[in-house]
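Novice:
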Amino acid sequence: MIFSKLFLALWAITLAQATPASSECKAFPGTTSWPSSNDWYRLNKAVDGRLFKPLLPGGICHPEQPNYSAERCSNLFTAWRTFEFHAEDPVSVMWDNWTNYTCVPLDGFPCSGAGYPSYVVNATTAKHVKAAVDFARKNQVRLVVKSSGHDYLGRSIAPGSLSIWTHHLNEIQYHEGQFKLAGSGKVIPGDAITAASGAKMVDVYAVASQHNRAVVGGGGKTVSQGGFVTGGGHSILAPHYGLAADNVLQMEVVTPGGDLITVNEDQNADLFWAMRGGGGSTFGVLTSVTVKTHPEKKLTMVLFMAFTVPEAPFTLDLATWAASQLPYLSDSGLSGYLMATVNSTPPIPLPGLPERVAGLMGKTIILDTQDTARINEIFQPLNKTIQERWPGQVNLLTITQPYDSFAAWYAENFDDGQAGGSVYLISRFLDKKTLTTDLDALKSALEPILLDDGWLGTYLVAGKGVNEAKPRGGENSVHPAWRKAYVHALTWQGWGYEPWDSAAGEKAREILDARFEPLRQLTPDGGSYMNEVSFPKLTRRETS
């Protein structure tokens, strides 16, 4: 087993190292190696007529493009800022930098297909996925997979490629009482859900809720199963039930060799290990995944702010101390999305609050209780310290709201963040020792992030449930640092539409690296979440 896992890892590295950076490593449109019209015709027949040349999503605003529409263009820039627009388009992705700005919906900008796939297979069955993989392999065509395009790493788009669009590969099946593994027939007690890789999170949640169950999933409605689960999948429910990858029972995969196989703990176990955390489309194309479900419990949302004004001389001390309390809050049952800041707008819009605040604040939930006295008891030690250290200068505000189910909470609190624009993301896992042992060292590591950017996401999405997770088969391939982490810390750097400034993205990356370097130095055994990390300059022996 150990040898096989090592082989899988070395195989992936070898593939990456053996691929030159130029377009000549794969067939490319306009070259003699590009498949002929007859070749594409045969592929179209193999996928039941579901092959097409995509229209450019930004072409709506460019008169020379076949899908130009002045009327639709007037609304496109607004739609461009939503996750939904990009999820519903076969080639559009959430962030423009990954298309190299080749067709943005703005006057004065060029529009060409140079940054987009040349052909798309609208896959609705695993057979379609297999046919596309076989075609790409035999014809040396670059292959990408896109479901929702909700990807901070640009993995779901490539110029001159064949794209497998799994958005309509979205069937969901509920298994009541037990699930039987393929091959061995082993029966796993408990309800489960099988979701095709393109199934949206909001739809999976809805099916589970119909049976009074919940699953570990993402915060955005358009996030789909494929890239989320294979990257590990953090969640507001993860501190209770483990990562999404920890909840997988079985997967259906198309391998690079074109084999459609089922992987679980009893058959193709090495690939089962690799696919749960090793990254989307790294070892194969996921076509479906079966995950365990959990009882849908009542919960209380807790909005809280430990805050002062940005002009206070102790803002960095406050943010550092508040961050040191995150393991305590996690161990007390809270999970959620928080922000440490020295100068930001309040995340909770309430009358009487300052226009800008500093401290720790955000949105959390606590499962299986609607007892406000219990919640107040959790925050009492924090309030006591605040009153002792910063009397009359720092406020602790908590607002609670009960919900009868996770589905009811999610319906009002899903991630409706903004897409479009350009962004690089960077992250780091923080364990209890890092957060609580040496606050001076922690402060020094947080200082360049908070003073330069003003904020740091401090997400309570790990802790006990992730640390003590028992994935099927004994282990999976998520980063080992998850098993000690309490906080998933992240921030990002954006920049404007600057297609003629090739250095803009590199400058953003350098800014992120500089901000995060002290935090990396503080956590030498740490790591980053595969789906939310940038590309720092590293040696082979380093983690990001």
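Numbered according to mature numbering (1 follows the signal peptide of the UniProt record, and there is no 0), the sequence shown spans residues -18 to -1, 1 to 526.
Even for Gly, the Cβ is constructed at its ideal location relative to N, Cα and C.
Leaving out five residues before and five after Thr290 in sequence, what residues of the same chain have Cβ atoms less than 8 Å from its Cβ?
Specialist: Phe296, Thr297, Leu300, Val339, Ala340, Gly341, Trp372, Gln375, Val376 and Asn377
Novice: Does Ala3 come out as helix, strand or coil in the three-state DSSP assignment?
Specialist: With a pLDDT of only 40 at Ala3, under the threshold of 50, the placement of this residue in the model should not be trusted; the figure read from the coordinates follows. Of the three classes helix, strand and coil, the one that applies to Ala3 here is coil, per DSSP.
Novice: So what's Tyr511 in DSSP terms, helix, strand or just coil?
Specialist: coil
Novice: With C-beta atoms as the reference, is Asp413 less than 8 Å away from Ala467?
Specialist: yes
Novice: Tell me the DSSP bridge mates of Ser409?
Specialist: Paired residue(s): Leu472.
Novice: Report yes or no: do three or more beta-carbon pairs, one from the stretch 454 to 473 and one from the stretch 503 to 510, lie closer than 8 Å?
Specialist: Note that the stretch 454 to 473 touches the stretch 503 to 510; at least 3 beta-carbon pairs, one per stretch, sit closer than 8 Å.
Novice: Mapping the DSSP letters down to three states, classify Trp77 as helix, strand or coil.
Specialist: In the structure shown, Trp77 sits in coil (DSSP, three-state: anything other than H, G, I, E or B).
Novice: Confirm the yes/no value for this check: CB of Leu364, any heavy atom of the ligand MG, distance under 7 Å.
Specialist: The ligand MG is not among the ligands present in this structure, which contains no ligands whatsoever.
Novice: For Glu234, name the three-state secondary structure that DSSP assigns.
Specialist: strand
Novice: Within 10 angstroms of its Cβ, does Ala288 collect 16 or more other Cβ (buried), or is it exposed?
Specialist: buried
Novice: What are the partner residues of Val284, as DSSP defines its beta bridges?
Specialist: Thr346 and Thr382
Novice: Mapping DSSP to helix, strand and coil, what is Val376?
Specialist: coil
Novice: Terminal residues of the continuous beta strand (DSSP E) containing Asn325?
Specialist: Leu316 to Ser326
Novice: Assuming Pro277 contacts Arg195 under a Cβ cut-off of 8 Å, what Cβ separation, rounded to an integer in Å, is found between them?
Specialist: 7 Å
Novice: Helix or strand or just coil, what does DSSP make of Leu125?
Specialist: strand
Novice: Could you say if the stretch 447 to 463 and the stretch 319 to 330 meet the contact criterion of at least three C-beta pairs nearer than 8 Å?
Specialist: Taking 8 Å as the limit for Cβ pairs, the verdict is that the stretch 319 to 330 does not touch the stretch 447 to 463.
Novice: I'd like to know whether the C-beta of Gly403 is nearer than 8 Å to at least one C-beta of chain D.
Specialist: In the displayed structure, chain D is absent; only one protein chain is listed.
Novice: Let's test the definition: count the other Cβ atoms within 10 Å of the Cβ of Cys43 and tell me whether it reaches 16, buried, or not, exposed.
Specialist: buried
Novice: Between the stretch 487 to 497 and the stretch 262 to 271, can you find at least three pairs of beta-carbon atoms closer than 8 Å?
Specialist: no
Novice: Buried or exposed for Leu316, please, with buried defined as at least 16 other CB atoms from any protein chain shown within 10 angstroms of its CB.
Specialist: buried
Novice: Of all the beta strand (DSSP E) runs that stay within the bounds of the stretch 178 to 251, which reach a length of 3 or more residues?
Specialist: 230 to 236 and 242 to 245
Novice: Might you give, ordered along the chain, the residues of its own chain that have their beta carbon closer than 6 Å to the beta carbon of Asp173, omitting 5 neighbours on each side?
Specialist: Glu158, Arg195 and Thr275
Novice: Identify, in the order they occur along the chain, each residue of the same chain with its Cβ nearer than 6 Å to the Cβ of Asn152, setting aside the five sequence neighbours on each side.
Specialist: Ala178, Gly180 and Ala181
Novice: Assign Gly74 to one of two classes, buried (16 or more other C-beta atoms within 10 Å of its C-beta) or exposed (fewer than that).
Specialist: Correcting the residue identity first, residue 74 is Ser in this sequence and not Gly. That one is buried.
Novice: With DSSP collapsed to three states, give me the class of Ile368.
Specialist: Under the three-state reduction of DSSP output, Ile368 falls in the helix class.
Novice: Could you have a look at Phe498 and say whether DSSP puts it in helix, strand or coil?
Specialist: helix
Novice: For Tyr23, which three-state DSSP category applies?
Specialist: helix
Novice: CB-CB under 6 Å to Phe117, same chain, minus the five flanking residues each way: which ones, in chain order?
Specialist: Listed in chain order, the non-local C-beta contacts of Phe117 below 6 Å within the same chain comprise Leu25, local neighbours out to five positions each way being set aside.
Novice: With DSSP run on the structure shown, which of helix, strand or coil describes Pro430?
Specialist: helix
Novice: Can you tell me whether Ile139 is helix, strand or coil according to DSSP?
Specialist: Ile139: coil per DSSP, three-state reduction.
Novice: On the DSSP bridge assignment, give the partners of Trp147 in chain order.
Specialist: Asn104 and Lys128
Novice: Does DSSP put Leu163 in a helix, a strand or coil?
Specialist: coil
Novice: With a threshold of 8 Å on Cβ separation, who are the neighbours of Ala401 within its own chain once the five nearest residues in sequence on each side are excluded?
Specialist: Trp62, Arg63, Thr64, Phe65, Phe67, His68, Met76 and Trp77
Novice: Closest by CA to His222, which one among Asp313, Ser306, Tyr406 and Ile243?
Specialist: For His222, the closest of Asp313, Ser306, Tyr406 and Ile243 by C-alpha to C-alpha distance is Asp313.
Novice: Check the DSSP bridge columns for Ile175 and list the partner residues they point to.
Specialist: Tyr156 and Val273
Novice: Is there contact here, the stretch 194 to 209 with the stretch 124 to 138, by at least three beta-carbon pairs under 8 Å?
Specialist: yes
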